Every structure is written in structure tokens, then in C-alpha cells.
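Below: one structure, written as C-alpha cells.
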Amino acid sequence: MAPPKALMEWARRTDEAREEWAREAVDGWARTERFLQPFSWGEAEAAVLERSYPPLPGRFLLNAVGLLATGLLALIALPLLGSSVVGLVLVALASGQETGAEELLWLARIAFCAAILVAGAGLSVWWQTRRRSVVGIALAAVTAIASTATYVLLLVLDLPTMPRLSILVICAGALGLADLVLESV
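Using the numbering used here, read the sequence shown as starting at -9 and increasing by one per residue.
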């Protein structure tokens, strides 16, 4: 499927503007710069690389879109990456509630399903790259610790019995611990 014509036209005009911008910036500089004789291409290349150029046309818009996309990604990713902590908080809140504890425990089940997905994705990344990552180690440690704390809360507190939640917590903790061990070694 071909991109829309309006997008192709915008891309063509942007490319033309960049070429014109680059040509004007480099031509203007090259006409005023003094080079030693005999002329050395290496010296010219070093001088071009040292020079600061004006920003590309449309750079402000590109930066604004990038900043907005980063913010939206953070809004989506942070609760997902911290889903085991969210599950721990939900279980702790459910222990203090007389009514509505079942709904909080259902939300905790969803949070620990997301924690299993995140820990599984971390293991998958490690399996493919065989490299340790500071973010991966931190994420695995948080998942393992929050899952262990949640399991202890489920054992100690008098909550409505939800064996599936316990199984999800154990799976998330085991995957987080496996990811932590593999990334640390």
C-alpha cells in the first residue's frame, strides 16, 4: 500500500528544503573560510565537522512531536513496567477494605498478568541478546520483590480466597527472579 499523496508531497518538499538549506549553509561557509595552501580535503572535512550549523527547517515541530510521543509512551509504559508494584498496592488496599475488596483483587490479578508479560518480555530480550541491562535488572528485581511481598501479604492477611491470584503472583515472582538471576550472572 502506497503512502497518501499528501504525505509524499510533504516529504518531497521537505527533502528539497533540506538540500537547499544544506547547500546554502555549506556554500556560504566555504566561500568565506580560509584554507591553507596546498588544499587538503582532510582539513576541509575537519573544518566542516567542527562548524555549527543553523537548525534544520521544521526542527522545532519535529522536537515537539518527539517530546509529546515520549510523554505519551511514558504514561503508557510506567504503569505497565511497575505492574507488580501496582498489584502489591491493590492487595494492600484490599486488606483494609470491608466492601469492595473483591474488585481490588480482580484488578490485582490484571496487574500481575501484566507483570508476567513484562517479566516474560525481559527474559525474551535477554535470551535474544545475552546481554545484561541495568533497566532489565532493576525491573526484574522490582518484579521479584513486589511479587514476594504480595505473596506474603496474601498468606498473612485474611483476604477472600483467590487461588488464581496466588498462582499469578508466584508466576510473576518466579519469572522476575529468573530474569534477575540470568541478567546478573
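Just so it is clear, CB atoms sit at the ideal spot from N, CA and C, and this is done for glycine as well. Bear in mind that the values here come from a model prediction, so they are computed numbers and not experimental data.
Please determine, among the options, the residue with the shortest C-alpha to C-alpha distance to residue i.
i	options	result
Ala168	Pro153, Trp116, Ala64, Arg154	Trp116
Leu155	Leu172, Glu92, Ala128, Gly32	Glu92
Ala130	Ala59, Ala162, Leu65, Ala82	Ala162
Pro69	Thr138, Thr140, Ala105	Ala105
Arg99	Leu51, Gly112, Leu78, Leu39	Leu78
Ala82	Glu40, Val124, Leu107, Ala136	Ala136
Thr119	Leu94, Ala67, Leu172	Leu172
Val142	Leu62, Leu94, Leu65, Ser85	Ser85
Arg122	Leu58, Gly110, Gln87, Val175	Val175
Does DSSP put residue i in a helix, a strand or coil?
i	result
Glu88	coil
Asp169	helix
Gln27	coil
Arg120	coil
Ser42	coil
Gly72	coil
Leu79	Checking the displayed sequence, the identity of residue 79 turns out to be Val instead of Leu. Helix, per DSSP.
Contact check, residue i vs residue j under 8 Å by CB: the rounded distance?
i	j	result
Leu97	Leu80	5 Å
For a minimum of 3 consecutive residues, which ranges assigned as the beta strand (DSSP E) are wholly contained in the stretch 131 to 169?
none
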